Amino acid sequence: MTFTLLAPATGEEAVAALLAAGPGELAVLAGGTDLLPDIDEGRTAPRRVLSLRRLPWRELNWTSTELEVGALVPLASLERNAELRRRMPGLFEAVGAVGGLALRHRATLGGNLVRASPVSDLIPILLALEARVGLYGAQGERELPLEEFLQSPRRTSLAPGELLRRVRIPARPCAFRWQRVRPANDISQLAVAVAYDPLGGDWRVATAGVAPLARRAPGAEAALHGVAPSDAEIRACADVAAHEAPVRADRRATDPYRRLLLRALVARAVRAVRDRPLESSS
Amino acid sequence: MTDPAALWVNGRPYSTELPDDERLLDTLRWRLGLKGTKEGCRTGDCGACTVLVDGRSVLSCLTLTREVSEEAILTVEGLEADPVGRTVLEAFVQEAGLQCGYCTPGFVVALTGLLKERPNASPEELLEDLQGNLCRCTGYLSIRRAVVGLAKART
Ligand code: FES
Ligand code: FES
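Those sequence lines, one after another, are chains A and B.
Residues in the first sequence are numbered from 1 upward in steps of one, following the numbering used here.
Residues in the second sequence are numbered from 1001 upward in steps of one, following the numbering used here.
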């Protein structure tokens, strides 16, 4: 047997088990759809696996301004939430882009973020929405912006003995556009997420597939103003996005192709938000 | 640990030895002898290993048996005795929705789960939620006909 499994009943017990483990000895299991292939491929070889299945971190709460999601909520529960589909269509699209439905019945939102995969479809949309994460540890819970939580591919700022507890997502108009070879069970060559912040009257643009990890595109954001940017502004925004992206070519796409995609998808995503009739928050 | 475990599969109880790191796919095939569930890729890319856990489709190749051992499991072997599963099987037979048949258990199980969850889903919605199931014979047209026929018959 490659590992033994433990399934603590409370967050405190889980944290105690984490703190007691030596480096690399213990892996945390949520849905397992990313961890188990890693174990199969020998990329990680934990002697013990800490299952979170008995923890009740599965809330899905709306307030007038945001959605709070427990770290263990399966992605499929997000896509089946009618209010999410209506209020945050970009998040709905991004969730549906992950794997296939059977995978999304087990894969969790928390797992996706903690694994900090360079090809995550959820990270760009949550960066654009300025999501914040709650981290649970022996000292209680601390909150920080997702952007700070994600350090580099596969690395987060979780301290030893900490677990991702929840994600808070401001409910803002947003859109997600991706390009890939197959619609399901595939990795996006490029993904673009945009969101509009009605309070500040400005935009957030995030991209995946142009840098080692998904990131915001500040120059592109600065090209857009107000809830209804003109077509010329949108073209300028898309040009800046394509121009400021770092060079990146891999087996999925060449660099010039990625820049073309970036220009097209940024413009489409911004137009999708601009042209959608505003939803009431009820 | 390799402890005995009690599982509930296709409406009947099983007891078996169960190592902590064992995948549901392997428990079903090699311990319980339920070889209808197929291994296509073992990496979550094909859907051939789909079973229902508590009514929801999951990939048994990426699920530890211990993680779901307290829930009801339904595999392709249990579909005939399930009213929804039966109509799905009949639709696939009717349309000859298979060639070599390797992907078929995954498709019929996933579709059964979908129809239970969303009895009024449109053909488009069903097809979209089946995108995670691949057919290496690319017999998609007949599979598609079976799915569309089922959706129309139900609404
Ligand atoms: S064998 Fe499980 S998805 Fe392919
Ligand atoms: S019928 Fe052969 S894989 Fe689908």
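Beta carbons are placed, not taken as given, at the ideal position from N, Cα and C, and that holds for glycine.
No experiment lies behind these values; they were computed from the predicted model shown.
**Study point:** Host beta strand (DSSP E) of glutamine 151 (chain A) (start-end)
**Key:** Element bounds for glutamine 151 (chain A): 150-152.
Exercise for review: Tell me whether glycine 1044 (chain B) counts as near ligand 1, meaning its Cβ is closer than 6 Å to at least one heavy atom of that ligand.
Suggested key: Yes.
Review point. For phenylalanine 3 (chain A) versus arginine 43 (chain A), is the C-beta distance shorter than 7 Å?
Key: For phenylalanine 3 (chain A) and arginine 43 (chain A), no; Cβs fall outside 7 Å.
Point to revise | Boundaries (first-last residue) of the beta strand (DSSP E) holding aspartate 202 (chain A) | key: Unbroken beta strand (DSSP E) run through aspartate 202 (chain A): 202-208.
Exercise for review: Taking the CB atoms as reference points, tell me whether proline 153 (chain A) and glutamate 66 (chain A) lie closer together than 7 Å.
Suggested key: Not a contact, by the Cβ cut-off of 7 Å.
Practice item. Kindly provide the chain-ordered list of residues whose Cβ lies closer than 7 Å to any non-hydrogen atom of ligand 2. Key: Any heavy atom of ligand 2 counts here; residues with a Cβ closer than 7 Å to one of them, in chain order, are B:Leu1098, B:Gln1099, B:Cys1100, B:Gly1101, B:Tyr1102, B:Cys1103, B:Thr1104, B:Cys1135, B:Arg1136, B:Cys1137, B:Gly1139.
Point to revise | Bridge-paired residues (DSSP) for serine 1015 (chain B) | key: Per DSSP, B:Ala1006.
**Study point:** Cβ separation of leucine 146 (chain A) and valine 133 (chain A), assumed to be a contact under 8 Å, to the nearest whole Å
**Key:** Confirmed, Cβ separation roughly 6 Å.
**Study point:** Sequence-distant residues of its chain with Cβ nearer than 7 Å to alanine 228 (chain A) (five each side left out)
**Key:** Only Arg274 meet the Cβ criterion.
Point to revise | As assigned by DSSP and simplified to three states, the class of aspartate 1020 (chain B) | key: Coil at aspartate 1020 (chain B), not helix or strand.
Practice item. Pair every Cβ in the segment 241-260 of chain A with every Cβ in the segment 215-227 of chain A, then say whether three or more of these pairs are closer than 8 Å. Key: As far as the Cβ criterion goes, the segment 241-260 of chain A touches the segment 215-227 of chain A, which means the pair count is three or higher.
Review point. Quick one: which chain A residues come within Cβ less than 9 Å of glutamine 1099 (chain B)?
Key: Simply none; closest approach about 20 Å.
Check your understanding: Listing by chain order, which chain A residues have their CB less than 7 Å from the CB of valine 1058 (chain B)?
Key -> The contacting residues are Ala102, His105, Arg106.
Review point. Name the DSSP beta bridge partners of phenylalanine 176 (chain A), please?
Key: According to DSSP, phenylalanine 176 (chain A) bridges with A:Ala193.
Review point. Hey, leucine 129 (chain A) and arginine 172 (chain A): beta-carbon distance below 7 Å or not?
Key: Contact flag set, yes.
Practice item. Answer with buried or exposed for leucine 954 (chain B), where buried requires no fewer than 16 other C-beta atoms within 10 angstroms of its C-beta. Key: Only positions 1001 to 1155 of chain B appear in this structure, which leaves residue 954 (chain B) out of reach.
Check your understanding: Considering only residues of the same chain and omitting the five flanking positions on each side of arginine 1086 (chain B), which have a CB-CB separation below 8 Å?
Key -> Close CB contacts of arginine 1086 (chain B) within its chain, under the 8 Å cut and outside five residues either way in sequence, are with Leu1079, Glu1080 (chain order).
**Study point:** Per DSSP, cross-strand counterpart(s) of arginine 132 (chain A)
**Key:** DSSP lists A:Pro145, A:Arg168 as the bridge partner or partners of arginine 132 (chain A).
Practice item. Please list the residues of the segment 1024-1045 of chain B that have a C-beta atom closer than 8 Å to any C-beta atom in chain A, keeping them in chain order. Key: Flagged, chain order: Arg1042, Thr1043, Gly1044, Asp1045.
Review point. Going by C-alpha distance, which of B:Ala1121, B:Leu1141, B:Cys1046, B:Pro1004 is nearest alanine 1153 (chain B)?
Key: Distance from the Cα of alanine 1153 (chain B) is smallest, within the candidate group B:Ala1121, B:Leu1141, B:Cys1046, B:Pro1004, for B:Ala1121.
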